[in-house]
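The sequence shown begins at 1 in full-length UniProt numbering and counts up one residue at a time.
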Amino acid sequence: MGDDPEPVRVLLKNGADVNARSYNHGWTPLHEAAHLGHFEILQILLQYKPLLDIPATHEPEGATPLYFAFRDQNIDIAKRLLAEGADPNVPIVEDITPLHLAATAGWIDGINALLDKGAFINLRDEFLRETPLHKAARNLEKVAIKVLCARGAHEDLKNLDGLDYRGLLECAERYPDEWHVGDDMGTYCTYY
């Protein structure tokens, strides 16, 4: 998909399926627009009432358009999707949510946008049983930690290893490379 909105407008006006999936990724046009940061095309697609929380069937499996907005830290697309009713709590692989991604990256605007739309602050991922607060601690995102705590994160929740966010923060400060998690998934450790 290029960044010219006119072909998209013409196709949709002539009956193209706004929820059609690509063969290679299982993405819809909304996934593509969010992934590529094409806000104007996203606006056009939203006029045709696409499924907002539709998961990709392939790479990355389970990713929604909102996932791409948060992975790429595109606040305009993120806020527009949330305003349209995208569910801030829809998980992707291993129960990672957009809030896990925002916390992992220390993206304060994203954290606040999600919490303002009802994101569950204490959801745990499936793999390490970590909350967004744990992810922020792993990556030494101290401003994100303060925001999450101020917004009601349970500070004493423990992950699979029995560590609360303070224990993770201490480990990450001593061995940052071993405790860091990637910004794209929020769960995988560089070394574990």
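All C-beta atoms, glycine included, are put in the ideal place defined by N, C-alpha and C.
Could you say which of A33, K146 and G182 lies nearest to R80 if we only look at CA atoms?
Here residue 80 is taken as the residue at index 80 of the sequence shown, counted from 1. Nearest C-alpha to R80: A33.
If you measure from the beta carbon of C149 to each beta carbon in chain B, is any gap under 8 Å?
Protein chains in the displayed structure number just one, and chain B is not present.
Just checking my contact of D53 with A86 at CB under 8 Å: how many whole Å lie between their CB atoms?
If you number the sequence shown from 1, residue 53 lands on position 53. If you number the sequence shown from 1, residue 86 lands on position 86. Right, their Cβ atoms sit about 6 Å apart.
With a 10 Å radius around its C-beta and 16 neighbouring C-beta atoms as the bar for buried, classify H134 as buried or exposed.
The residue you call residue 134 lines up with position 134 of the sequence shown. Buried, because 16 or more other Cβ atoms sit within 10 Å of the Cβ of H134.
Could you round the C-beta distance between A78 and A113 to whole angstroms and report it? I think they count as a contact, below 8 Å.
Numbered from its first residue, the sequence shown carries residue 78 at position 78. Numbered from its first residue, the sequence shown carries residue 113 at position 113. Contact holds; Cβ gap of about 6 Å.
Which residue wins for smallest C-alpha separation from A119, given the options Q73, V10, L99 and Y165?
Translated into positions along the sequence shown, residue 119 becomes position 119. The residue with the shortest Cα to Cα distance from A119 is L99.
Beta carbon of L115, beta carbon of I108: below 8 Å?
Against the sequence shown, residue 115 aligns to sequence position 115. Against the sequence shown, residue 108 aligns to sequence position 108. The answer is no: Cβ separation not under 8 Å.
Excluding the five sequence neighbours on either side, which residues of its own chain have a C-beta within less than 8 Å of the C-beta of V143, listed in chain order?
As a working note, residue 143 is residue 143 in the sequence shown. Within the same chain, V143 has close Cβ partners G106 and I108.
Helix, strand or coil for V8? Go by DSSP, reduced to three states.
Your numbering for residue 8 matches position 8 in the sequence shown. Reduced to three states, the DSSP call for V8 is helix.
Buried or exposed: where does E132 fall if 16 or more other Cβ atoms within 10 Å of its Cβ makes it buried?
Translated into positions along the sequence shown, residue 132 becomes position 132. In the sequence under discussion, the amino acid at residue 132 is Pro, which differs from the Glu named in the question. Burial call: buried.
Go through its chain and collect everything with a Cβ distance to D156's Cβ below 7 Å, but skip five positions before and after it.
Working through the sequence shown from its first residue, we reach residue 156 at position 156. Within the same chain, D156 has close Cβ partners D164.
Relative to the C-alpha of L160, which residue among L168, A153 and H154 is closest?
By 1-based counting over the sequence shown, the position of residue 160 is 160. The shortest Cα separation from L160 among L168, A153 and H154 belongs to L168.
What separation, rounded to the nearest whole angstrom, lies between the Cα atoms of R9 and A63?
Looking up residue 9 in the sequence shown gives position 9. Looking up residue 63 in the sequence shown gives position 63. Each residue's alpha carbon lies about 25 Å from the other.
What residue range does the alpha helix (DSSP H) around V147 cover?
Residue numbering aside, residue 147 sits at position 147 when the sequence shown is read from its first letter. K142 to A150 is the extent of the alpha helix (DSSP H) around V147.
State the CB to CB distance for the pair F68 and H35, rounded to an integer number of angstroms; the pair is presumed to be in contact (CB under 8 Å).
Residue mapping note: residue 68 aligns to position 68 of the sequence shown, counting from 1. Residue mapping note: residue 35 aligns to position 35 of the sequence shown, counting from 1. Indeed, because the Cβ distance is near 4 Å, the residues count as touching under 8 Å.
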